[in-house]
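Structure first, then comments.
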Amino acid sequence: MFSFFKAKEAEVPPLKTDIHSHLLPQLDDGVKSLEESAQLVRQFMALGYTKLVTTPHVMNDFYRNDPGTIAGGLESLKQFLAKENINVSIEAAAEYYLDESLMERVNKNERLLTFGANYLLFETNFLTEPFQLKEFIFSATTQGYKPVMAHPERYQYLVNDFGKAGDLKDRGVLFQVNIPSIIGAYSRPIQKLAIQLIRKGWVDFIGSDCHNQTQMAILKEAFKNKYFKKALALPLLNRTL
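Each residue of the sequence shown is one higher than the one before, starting from 2 at the first, in the numbering used here.
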């Protein structure tokens with residue numbers, strides 16, 4: 002079906018934009034300092050990235066970030082990068098955890114941080130499907146957002162029932178697969194689902210989900226992986242940003 006998988010490697014456009022990372026110091030479980038962030042940004046650039054969309058967690062019980070705190074963190078990082086003569090395009094959105102707090106924000110039509118064409122990155126419980134998932138998708142879509150599910154391959158309820166992934170696609174949900182998942186950095190079942198999504202052509206974005214230096218090392222390794230190269234052959238929306 003996907004003849005572009007057979008294209009020569011040289012014909013596959015490189016990945017220049019990352020849309021999922023945690024590079025704003027001390028806002029979540031990502032980097033701890035501006036120096037650490039700058040080090041990671043340099044390594045992204047060495048891999049060929051020219052644009053980074055960093056996405057701090059917004060999770061009511063743990064990371065109570067809002068547009069103000071995230072904007073402040075982004076400005077501090079931009080100033081530090083300029084001071085260090087690191088020339089990269091960087092902006093911030095958020096990775097929203099689907100809980101009652103997010104549902105309330107959506108229902109109240111509160112401002113949510115997006116990237117690109119109103120893409121809204123969200124994640125869910127890793128084990129069980131949230132009871133409000135379909136309601137969230139409908140409400141967010143009705144308000145003009147384009148829901149992007151972060152790392153669907155990591156959710157046990159999708160690992161156990163691939164049909165649910167098809168249902169989400171039918172509802173207009175875009176999928177962002179983590180690059181480490183593709184090379185088996187989390188587990189074999191997660192890798193298998195990531196590869197299955199690639200083969201189905203259901204991967205809309207790929208992202209590093211980089212939090213630290215350890216994950217950067219995994220990212221570098223992934224660039225040599227055959228399944229990562231197959232993912233690059235897909236019409237990824239990263240290239241539209």
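We treat Cβ as the ideally placed atom computed from N, Cα and C, and that holds for glycine.
Exercise. Going along the chain, which residues of its own chain have a beta-carbon closer than 8 Å to the beta-carbon of GLU312, five neighbours each way excluded?
Worked result: What is shown of the chain runs 2 to 242, which leaves residue 312 out entirely.
For this session: Return the residue from the list THR125, THR129, VAL42, ALA93 that minimises the CA-CA distance to ILE113.
Result: On the sequence shown, position 112 is the one that residue 113 refers to. Per the sequence shown, residue 113 should be read as Leu rather than Ile. Scanning THR125, THR129, VAL42, ALA93 for the CA closest to the CA of LEU113 turns up ALA93.
Exercise. Using a Cβ-Cβ cut-off of 7 Å (strictly less than) and excluding sequence neighbours within five positions of TYR187, which residues of its own chain qualify?
Worked result: Position 186 of the sequence shown, counting from 1, holds the residue named residue 187. Around TYR187: ARG155, PRO181.
Exercise. In the structure shown, what three-state DSSP assignment does GLN177 receive?
Worked result: As a first step, residue 177 is located in the sequence shown; it is residue number 176 there, counting from the start. For GLN177, the three-state secondary structure derived from DSSP is strand.
Exercise. To the nearest angstrom, how far is it from the Cα of GLN80 to the Cα of ASP168?
Worked result: Position 79 of the sequence shown, counted from the start, is the residue given in the question as residue 80. Position 167 of the sequence shown, counted from the start, is the residue given in the question as residue 168. Between GLN80 and ASP168, the C-alpha separation is close to 43 Å.
Problem set entry | Straight-line gap, ASN110 to GLY145 (C-alpha atoms, nearest Å) | Here residue 110 corresponds to residue number 109 of the sequence shown, with the count starting at 1. Here residue 145 corresponds to residue number 144 of the sequence shown, with the count starting at 1. Distance between the alpha carbons of ASN110 and GLY145: 11 Å.
Exercise. Among residues of its own chain, excluding the 5 on either side of LEU242, which ones have a beta-carbon nearer than 8 Å to its beta-carbon?
Worked result: Stepping through the sequence shown from its first residue, residue 242 is reached at position 241. Excluding residues up to 5 positions away in sequence, THR18, ILE20, LYS52, VAL54, PHE116, GLY117 lie with their Cβ nearer than 8 Å to the Cβ of LEU242 in the same chain.
Exercise. Should ALA166 and LEU159 be called a contact, given that it needs their Cβ atoms to be closer than 9 Å?
Worked result: Position 165 of the sequence shown holds residue 166. Position 158 of the sequence shown holds residue 159. The answer is yes: Cβ separation under 9 Å.
Problem set entry | Contiguous alpha helix (DSSP H) assignments of at least 4 residues, all confined to the stretch 73-111 | 101-108, all fully within the stretch 73-111.
For this session: Along the beta strand (DSSP E) that carries LEU122, what are the first and last residues, could you check?
Result: Within the sequence shown, residue 122 is the residue found at index 121, counting from 1. 120-124 is the extent of the beta strand (DSSP E) around LEU122.
Problem set entry | Distance CB(VAL149)-CB(ALA95) smaller than 9 Å | As a position in the sequence shown, residue 149 is number 148, starting the count at 1. As a position in the sequence shown, residue 95 is number 94, starting the count at 1. No, Cβ-Cβ distance for VAL149 and ALA95 is not below 9 Å.
Exercise. What does GLY208 pair with, by DSSP beta-bridge criteria?
Worked result: In the sequence shown, residue 208 corresponds to position 207, counting from 1. Answer by DSSP bridge pairing, in chain order: ASN179.
For this session: With a 10 Å radius around its C-beta and 16 neighbouring C-beta atoms as the bar for buried, classify ASN161 as buried or exposed.
Result: Walking along the sequence shown from the start, residue 161 turns up at place 160. With fewer than 16 Cβ atoms within 10 Å of its Cβ, ASN161 is classed as exposed.
Problem set entry | Cα-Cα separation between ALA72 and THR56, rounded to whole angstroms | Taking the first residue of the sequence shown as 1, we reach residue 72 at position 71. Taking the first residue of the sequence shown as 1, we reach residue 56 at position 55. For ALA72 and THR56, the gap between their C-alpha atoms comes out near 11 Å.
For this session: Consult DSSP for LYS231 and reduce its assignment to one of helix, strand or coil.
Result: Start at 1 with the first residue of the sequence shown, and residue 231 comes out as number 230. LYS231 sits in a helix when the DSSP states are folded into three classes.
Exercise. On the three-state DSSP scale, how would you describe VAL59?
Worked result: In the sequence shown, counting from the first residue as 1, residue 59 sits at position 58. Here VAL59 sits in strand by DSSP.
For this session: Could you tell me if PRO15 is buried or exposed, where buried requires 16 or more neighbouring beta carbons within 10 angstroms of its beta carbon?
Result: Locating residue 15 in the sequence shown gives position 14, counting from the first residue. Exposed is the call here.
Problem set entry | Which of helix, strand or coil DSSP assigns to ASP67 | To locate residue 67, count along the sequence shown from 1; it is residue 66. Under the three-state reduction of DSSP output, ASP67 falls in the coil class, being neither helix nor strand.
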